[in-house]
Amino acid sequence: GQQLNQSPQSMFIQEGEDVSMNCTSSSIFNTWLWYKQDPGEGPVLLIALYKAGELTSNGRLTAQFGITRKDSFLNISASIPSDVGIYFCAGQPGTASKLTFGTGTRLQVTL
Amino acid sequence: GAGVSQSPSNKVTEKGKDVELRCDPISGHTALYWYRQSLGQGLEFLIYFQGNSAPDKSGLPSDRFSAERTGGSVSTLTIQRTQQEDSAVYLCASSLSEYEQYFGPGTRLTVT
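Chains as they are written, first to last, in the working numbering: chain G, 1177 to 1287; chain V, 59 to 170.
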């Protein structure tokens, strides 16, 4: 099935650094979601974006819905060790419909 | 409140056997989704329920896969005659609003 292009694939950063990752699609989506998945767990919803151009924050996380509706990015400021995990973007074409997921960004934070 | 729960958490089965995976959505959530996550892969959509009906079954990989939902609540995903390529984590998600989907912890299926 289709997957969204997500980059970077993985990153090592030092505690306290800011992180940026993005997601692109060949298709338009009406909703973008960002999830974090820890080993052995299901994905946990971090941020939901509903409108093109929208910029939304959740604590140290900030995400934006691209104006073309074909991309989104997620920033994490002042990273901490518990930010370690795999981050997935997901696009939804319409209401109450399936999510198409990105390929994931594996984040590792060193002290 | 209680989140989405799935059982069993792990299932090891022999090739050719049938398996049933269960999902209990968040109470009151009308929409329920099944996804599959293979090792090193992203999440792939399998099927979507609105109430007890399944308007989108487009992700089911073969006719060995089926799912049902009863009482607008619990859902069961059944895989018949399991194959090794069915080994994956099967994730269930539910939604009250039209957009945000909340995931359970998944069932890790291993077919030997």
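The beta-carbon is built from N, C-alpha and C at its ideal position, and this holds for glycine as well.
Residue contact check for residue 1230 of chain G against chain V: no CB pair falls below 8 angstroms. For the pair residue 1250 of chain G and residue 1210 of chain G, the CB atoms are nearer than the 8 angstroms cut-off. Neighbours of residue 163 of chain V across chain G, judged by C-beta separation under 7 angstroms: 1217, 1218. For residue 1238 of chain G, the enclosing beta strand (DSSP E) has its first and last residue at 1237-1241. For residue 159 of chain V, a Cβ of chain G is located within less than 8 angstroms of the residue's own Cβ. Residue contact with chain G for residue 118 of chain V: absent (no Cβ-Cβ distance below 8 angstroms to any residue of chain G). Secondary structure of residue 65 of chain V (DSSP, three-state): strand. CA-CA distance, residue 1240 of chain G to residue 142 of chain V, rounds to 40 angstroms. For residue 1194 of chain G, the three-state secondary structure derived from DSSP is coil. With the criterion set as a beta carbon lying under 9 angstroms from some beta carbon of chain G, the region 123-141 of chain V has no members that meet it.
Here residue 1277 of chain G is buried, its C-beta having at least 16 other C-beta atoms within 10 Å.
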